[in-house]
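Residue numbers (the numbering used here): 74 to 217.
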């Protein structure tokens, strides 16, 4: 499957956050930071379509298992490289012998908010009261 690189956008993190020492991850050919936490390592990105992911390591990759199994992910494994496709909006977990868990979050692109004057839309500006509606102020004071 060939995927257009522009369809996936890895999320950016400050250089100061801890990175994985085990993995380098690419989403449609673009490097995506593998962010290390106490719960495991994760990679997140926006994608409106399926994305091709590649996981590289300095060590041999063996016995890859993807969860949830219902996704049916069958990776291509070549010693220190693993490739697979993840559909837009899917999240997956990769477990391998001797490695920390690696989570993948394929977030759908943000939906653009409608314009305030769009047909059929009732727009309530922040902090203003309307004659025909009541609103709640940020400090939870009610106006009428």
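All residues carry an ideal CB built from backbone N, CA and C; glycine is no exception.
- At a Cβ-Cβ threshold of 8 Å, residue 153 and residue 130 count as neighbours.
- In the DSSP assignment, residue 164 falls within the beta strand (DSSP E) that extends over 164-168.
- When the beta-carbon positions are compared, residue 83 and residue 106 come within less than 8 Å of each other.
- Out of 198, 167, 175 and 140, the CA that lies nearest to the CA of residue 115 is found in 175.
- Each residue's CA atom was taken as its position, placing residue 96 and residue 113 some 12 Å apart.
- Residue 128 and residue 146 have their C-alpha atoms spaced approximately 14 Å apart.
- Shown here, residue 143 sits in a helix according to DSSP, grouped into three states.
- Inclusion of residue 86 and residue 100 in the CB contact set at 8 Å is not warranted, their separation being larger than that value.
- When only Cα atoms are considered, residue 123 and residue 161 end up about 5 Å apart.
- With a beta-carbon spacing of about 5 Å, residue 168 and residue 138 fall inside the 8 Å limit used to define contacts.
- Bridge pairing for residue 120: 81 [DSSP].
- Beta-bridge partners assigned by DSSP to residue 149: 156.
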